[in-house]
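To start, the structure itself, in structure tokens.
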Amino acid sequence: MINNQHIPIMENEILSFIDGKRNLSILDCTFGGGGHSKRFLENGHFVTAIDKDDSSLIIANELKKNYSNIIFYKSNFKNLDSLDLTIKKFNFILLDLGYSSNQLEDSKIGLSFKIDSNLNMNYLGGDLNAHRIINYYDKEELQRIFNVYGEINQAEKLANFIVNQRSQKQINTNFEFVELLRKSGVNFRSKKIHFATQAFQALRIESNSELENLMTFLRKVHDYLEINAYLAIISFHSLEDRIVKNYFRDNKIKKNKNFQNNKNWGYEILTKKPLIATKLELLKNSRARSAKLRVGRFIN
Ligand SMILES: C[S@@+](CC[C@H](N)C(=O)[O-])C[C@H]1O[C@@H](n2cnc3c(N)ncnc32)[C@H](O)[C@@H]1O
């Protein structure tokens, strides 16, 4: 049994788009702890679930004991088109990006700067990890990821400091890396967040190719949407949200009923501004703080 600690985010907002409907085919591309999928199943829908995580597979198997209408694929969602899907088109597709609370607490993955773990941060089982990045990326590559993915202004200073420190001794653990950040003299952006947050975000995005996964998925997803289907995406940082926002903008339906992309399909944007969690939800789940939900209705 897995100690499932993940609390699903904005589940009422997600369900509100399909309120009163039954028997929809739903694709949950980020099954995680199965919170959203469970709600879909309780509401009488059929769920096709994807996740790359081993514990998600175990949780999905548990859920199957009570619900027959779920199929689980252990895969990266960017490879949607290589899955032998039983159902080919969906009425609702959900992406709830990033990592689950179960993964955050897993010291083998090492996503948290509060848990001393070996430097890893790869939660999708890929080959790249934070240890390789910190100890073997060249200075320019380090600068790029801290600048672009961490939005750290003094990325060059940080990259120089890492290269200098690792020439004396490899950096092996999360706490060693946090200590390095503390000594680096870099002025991290905000006083509201822990000073290691941005650097950890950068390493996590790079280790898991988070942005590439999302962009690859978005290039394919229209092939899997029924007419009038909903595509709902929850993102947790501005880089992801920008990609989602631009995707909907570039493929939106215009007033003259043509599509922005000059193709014969597109989206009615249902969230002019992204939805955010209510104060009540934030009281129960602080992880909902940075979540932004964008939803489009597929038209073709
Ligand atoms: C925020 S959690 C989802 C939580 C889930 N909605 C719930 O209610 O329990 C994100 C999940 O997406 C998975 N994930 C992230 N990127 C993925 C990718 N490219 N392919 C497959 N799974 C991915 C992670 O492994 C994690 O389990």
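In the working numbering, the protein residues as written are 1170 to 1469. For every residue, glycine included, the Cβ atom is placed at its ideal position computed from N, Cα and C.
- At least one heavy atom of ligand 1 sits closer than 7 Å to the Cβ of Y1268.
- Here D1265 carries a strand assignment [DSSP, helix/strand/coil].
- D1275 has its Cβ no nearer than 7 Å to any heavy atom of ligand 1.
- Beta-bridge analysis with DSSP links V1216 to I1195 and I1239.
- The secondary-structure analysis by DSSP pairs N1287 across a beta bridge with T1342.
- Remark: three or more beta-carbon pairs, one from each stretch, lie closer than 8 Å, so the region 1342 to 1360 and the region 1320 to 1329 are flagged as touching.
- If you compare the alpha carbons of V1464, N1431 and R1373 with that of F1417, the shortest gap goes to V1464.
- C-alpha of S1286 to C-alpha of I1278: approximately 8 Å in a straight line.
- The residue among I1178, N1238, L1249 and E1211 with its C-alpha nearest the C-alpha of V1390 is L1249.
- Under a 10 Å Cβ-count criterion, M1384 is classified as exposed, with fewer than 16 other Cβ atoms of the shown protein chains found around its own Cβ.
- Per DSSP, the continuous beta strand (DSSP E) segment holding Y1399 begins and ends at L1394 to S1404.
- F1364 sits in coil when the DSSP states are folded into three classes, being neither helix nor strand.
- Between L1232 and Y1242, the C-beta spacing is not below 8 Å.
- Burial check for G1295: the Cβ neighbour count within 10 Å stays below 16, so the residue is exposed.
- Distances between the C-beta of P1443 and the heavy atoms of ligand 1 are all 7 Å or more.
- Counting C-beta atoms within 10 angstroms of its own C-beta, I1362 has fewer than 16 neighbours from the protein chains shown and is therefore classed as exposed.
- In the DSSP assignment, Y1436 falls within the unbroken beta strand (DSSP E) covering G1435 to I1438.
- The region 1429 to 1445 makes no contact with the region 1170 to 1178; the number of CB pairs closer than 8 Å stays below 3.
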